[in-house]
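J.:
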Amino acid sequence: MTAAATYDLGKLHGGLRLPGEKEASTARHVQTATVPPQLFIPLTQHVGEAAQPVIDIGEAVLKGQLIATAYGSLSAPIHAPTSGKVVAIEPWPVSQRHGETGPCIVLESDGEDVAFRYENRPLRYESMAPDDLLQTILDGGIVGLGGAVFPTAQKLMQAVTAPLTHLILNGVECEPYISCDDMLMREQAAEVLGGAQILMHALGLGNCFIAVESDKPDAIHGLATALGELDDKRIVLKQVPTIYPSGGEDQLVQLVTNLEVPSGGLPTDVGCVVQNVGTAAAIYRWIHDGEPLISRITTVTGDGVVSPVNVEARIGTPVSELIAIAGGYTERASQMIVGGPMTGKSVTTDRVPLVKASNCILVLSDVIPPDDEKPCIRCGECALVCPIQLQPQQLYWFACSDNEKQLRAHGLTDCIECGCCDLVCPSHIPLTADFRQAKARMREMADEKARAERARLRFEARSARLQQEQAERERQLAGQKQAALRAGPDAIREILDRNRDKNRQDDEA
Ligand code: SF4
Ligand code: SF4
């Protein structure tokens with residue numbers, strides 16, 4: 007039996023219909039990369055604090071074994087992608103937003119790929135309390151694989167504090183070139199559905215929409231067939247239009263449920279939790295098979311590689327190995343981006359490793375240098391395409407003048423950095439880059455304010471403590487003076503000396 011998919015175009019403000027450029031990478035099945043001799047595993051692969059290594063250099067580890075533990079309230083653990091020996095913990099080029107190098111665990115493969123055995127798999131999650139299930143998901147090192155890399159368990163733990171009505175799995179891969187989720191839904195649909203069932207239990211929800219773009223018939227077919235076999239009426243496929251950026255969380259909530267996430271709010275404000283389909287499949291593998299997040303599918307594509315393809319590879323695999331699976335570079339290859347052309351980040355070396363966030367390795371040839379920036383002509387094109395209904399041209403003025411108050415008032419913090427405004431701007435103003443920098447400055451200023459506030463509170467607490475101690479000493483001194491008056495002048499001198507010494511020590515502290 008094949009489950010029917012509902013079809014709903016929904017309403018989305020702005021956005022752009024962009025050329026997909028996905029045919030080449032979806033022409034073949036997902037290829038499995040062999041485990042490379044050395045893997046480079048960054049300690050920061052998620053939003054939040056870096057994970058802390060729990061292994062020593064020279065230590066042997068098994069595939070799936072914990073090698074770095076979550077640190078702080080927002081973090082995710084990291085597991086060994088294969089069995090072997092830890093040979094270094096050192097800086098290495100990485101493709102992440104905070105800089106060019108980052109601390110990595112370097113793991114030398116032993117070629118055996120022997121797995122660490124987690125007990126009681128498959129876990130009978132249906133009989134687990136949701137809190138215990140969420141804690142278990144945390145232990146699997148699962149992060150949002152749609153690009154946000156927010157630690158999944160912590161997102162779910164926050165979500166369950168709100169009244170929830172809908173779980174939405176995001177299979178909308180609207181950015182050109184990227185096709186890893188499309189291939190996952192075609193070839194591993196049962197794992198996506200298994201993840202949906204686990205998530206529903208963890209969140210206490212009885213329904214789940216899986217959103218897929220209407221131009222992905224093979225993914226819809228894969229999911230519908232697997233859903234027919236599973237026969238779980240709680241899960242419903244929902245087609246959405248192929249408009250960039252319909253895969254943004256807030257946009258997707260609106261397309262699927264017609265509910266609008268308030269400015270500055272979260273999907274949970276309207277009862278929704280959004281998770282990427284890849285994240286759901288990763289949760290299934292961890293809960294069912296005991297395999298933490300140690301691999302992912304990534305799209306290796308662009309006219310700078312010979313044979314675009316989707317590859318399932320271990321986290322930490324150097325990108326150069328993935329390029330080889332795509333037939334190597336073409337002669338004209340000139341630029342590499344990790345991520346898609348709209349939101350990805352340029353990298354200058356293929357030594358960077360595959361990380362949990364790497365949904366695409368895009369290699370382009372003959373990249374045309376951007377046209378010279380010209381003054382804004384107030385044409386309003388940028389506002390027409392902004393999916394958040396912001397006024398990018400106004401934000402641009404306020405960003406240029408560093409006017410934080412007006413930037414906040416005009417909703418800069420709601421900007422999802424989709425890049426639509428850049429693409430249509432006839433003056434070639436790099437609006438998104440300007441907004442990104444303005445947001446970073448605002449974050450720095452907020453951090454600075456928070457630091458100053460903490461210092462002020464510390465100073466006030468210390469002053470209050472010193473005043474209290476001084477008052478206590480004076481009380482004691484008064485009592486001692488009374489006693490000394492009764493005992494004679496030598497005793498008075500001794501007390502005064504002792505008190506002077508104590509005051510000096512306090513001043514020095
Ligand atoms: S980058 Fe920001 S301002 Fe520009 S279109 Fe996207 S959401 Fe709107
Ligand atoms: S599209 Fe460019 S030129 Fe037109 S209003 Fe926006 S910023 Fe100005």
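Residue numbers for the sequence shown follow this note's numbering, so the first one is 7 and each next one is one higher.
Backbone N, C-alpha and C define an ideal beta-carbon position, used for all residues, glycine too.
Would you say the beta carbon of residue 431 is closer than 6 Å to some non-hydrogen atom of ligand 3?
T.: In the structure shown, ligand 3 is absent; the only ligands present are ligand 1 and ligand 2.
J.: Relative to the C-alpha of residue 305, which candidate in 31, 18, 25 and 20 has its C-alpha closest?
T.: The candidate whose alpha carbon is nearest that of residue 305 is 31.
J.: Report back the beta-carbon spacing between residue 321 and residue 190 to the nearest angstrom; my notes put them in contact at under 8 Å.
T.: Actually they are not in contact, since the Cβ atoms of residue 321 and residue 190 sit about 16 Å apart, beyond 8 Å.
J.: Indicate the three-state DSSP secondary structure (helix, strand or coil) for residue 207 in the structure shown.
T.: Residue 207 falls in the helix class under three-state DSSP.
J.: Quick check on residue 371: does DSSP put it in helix, strand or coil?
T.: In the structure shown, residue 371 sits in a strand (DSSP, three-state: E or B).
J.: Please give the ranges of any beta strand (DSSP E) in the region 283 to 358, keeping only runs that are unbroken, at least 3 residues long and fully inside the region.
T.: For the region 283 to 358, whole beta strand (DSSP E) runs of length 3 or above, ordered along the chain, are 301 to 307, 315 to 320, 339 to 344 and 351 to 353.
J.: Could you tell me whether any non-hydrogen atom of ligand 1 is closer than 6 Å to the CB of residue 390?
T.: No, Cβ of residue 390 sits at least 6 Å from all heavy atoms of ligand 1.
J.: Tell me which residues share the same chain as residue 193 and place their Cβ nearer than 6 Å to its Cβ, disregarding the 5 neighbours each side in the sequence.
T.: Counting only Cβ-Cβ distances below 6 Å, and skipping sequence neighbours, we find 36.
J.: Less than 6 Å between the CB of residue 435 and some heavy atom of ligand 2, yes or no?
T.: Residue 435 Cβ: within cutoff of ligand 2.
J.: In whole angstroms, give me the CA-to-CA distance for residue 440 and residue 446.
T.: Those two C-alpha atoms are separated by around 10 Å.
J.: Assign residue 323 to one of two classes, buried (16 or more other C-beta atoms within 10 Å of its C-beta) or exposed (fewer than that).
T.: That one is buried.
J.: Roughly how many angstroms separate the alpha carbons of residue 219 and residue 178, rounded to a whole number?
T.: The alpha-carbon atoms of residue 219 and residue 178 are separated by roughly 6 Å.
J.: Report, in whole angstroms, the separation of the C-beta atoms of residue 245 and residue 226, which I expect to be a contact under 8 Å.
T.: Right, their Cβ atoms sit about 7 Å apart.
J.: Quick one: does the C-beta of residue 383 sit closer than 6 Å to a heavy atom of ligand 2?
T.: Residue 383: yes, Cβ under 6 Å from ligand 2.
J.: In terms of DSSP beta bridges, what is residue 185 paired with?
T.: DSSP output for residue 185 lists no bridge partner at all.
J.: Per DSSP, what are the beta-bridge partners of residue 217 in this structure?
T.: Looking at the DSSP assignment, residue 217 forms a beta bridge with 176 and 244.
J.: Evaluate contact between the region 426 to 434 and the region 443 to 459, counting only Cβ atoms and requiring at least three cross-stretch pairs below 8 Å.
T.: Verdict: no, contact absent.
J.: Compare the C-alpha of residue 419 against each of 434, 436, 473 and 401 and name the closest.
T.: Closest option to residue 419, Cα to Cα, is 401.
J.: Compute the minimum distance between the beta carbon of residue 397 and the heavy atoms of ligand 2, and state whether it is under 6 Å.
T.: Because no heavy atom of ligand 2 lies under 6 Å away, the Cβ of residue 397 does not count as near it: no.
J.: How far does the alpha helix (DSSP H) with residue 486 in it extend, from its first residue to its last?
T.: Counting along the chain, the alpha helix (DSSP H) containing residue 486 begins and ends at 437 to 493.
J.: Would you tell me roughly how many angstroms separate the C-alpha atoms of residue 511 and residue 108, rounded to the nearest one?
T.: When rounded, the distance between both Cα atoms is 44 Å.
J.: Leaving out the 5 sequence neighbours to the left and right, which residues in its chain are closer than 6 Å to residue 353 when beta-carbon positions are compared?
T.: Same-chain partners within the cutoff: 101, 342 and 344.
J.: For the beta strand (DSSP E) containing residue 24, list its first residue and its last residue.
T.: From DSSP, residue 24 is part of no beta strand (DSSP E); its letter is neither H nor E.
J.: Identify, in the order they occur along the chain, each residue of the same chain with its Cβ nearer than 8 Å to the Cβ of residue 210, setting aside the five sequence neighbours on each side.
T.: Same-chain partners within the cutoff: 136, 166 and 170.
J.: Between the region 84 to 100 and the region 123 to 130, do at least 3 Cβ pairs fall closer than 8 Å?
T.: Contact between the region 84 to 100 and the region 123 to 130 is absent, because fewer than three Cβ pairs lie under 8 Å.
J.: Is the region 146 to 155 touching the region 363 to 381, taking contact as three or more C-beta pairs under 8 Å?
T.: The answer is yes - the region 363 to 381 touches the region 146 to 155, with three or more Cβ pairs under 8 Å.
J.: Applying the criterion that 16 or more other CB atoms from any shown protein chain within 10 Å of the CB defines a buried residue, is residue 27 buried or exposed?
T.: That one is buried.
J.: Near residue 262, which residues of its chain fall below 6 Å by C-beta distance, leaving aside the five closest residues on each side in sequence?
T.: Correct list, in chain order: 174, 215, 217 and 244.
J.: My guess is that residue 286 and residue 228 are in contact by the Cβ rule of under 8 Å, so how many angstroms apart are they, rounded?
T.: Not a contact, Cβ separation roughly 14 Å.
J.: Just the C-alpha distance for residue 397 and residue 247, rounded to the nearest angstrom, thanks.
T.: Answer to the nearest angstrom: the Cα atoms are 24 Å apart.
J.: Once the 5 residues before and after residue 145 are set aside, which same chain residues still bring their CB inside 7 Å of it?
T.: Excluding sequence neighbours, residue 145 sits near 83.
J.: In the DSSP assignment, the alpha helix (DSSP H) including residue 398 goes from what residue to what residue?
T.: Note, residue 398: alpha helix (DSSP H), 398 to 406.
J.: With a threshold of 8 Å on Cβ separation, who are the neighbours of residue 91 within its own chain once the five nearest residues in sequence on each side are excluded?
T.: Excluding positions up to five away in sequence, the list reads 64, 65, 66, 67, 113, 114 and 116.
J.: Cβ of residue 70 within 7 Å of Cβ of residue 85?
T.: In this structure, residue 85 lies closer than 7 Å to residue 70 by Cβ.
J.: So is residue 188 buried or exposed if we call it buried at 16+ other beta carbons inside 10 Å?
T.: By the 10 Å Cβ count, residue 188 comes out buried.
J.: Leaving out five residues on either side along the sequence, give the residues of the same chain with a beta carbon under 6 Å from the beta carbon of residue 325.
T.: The residues are 356, 358 and 367.
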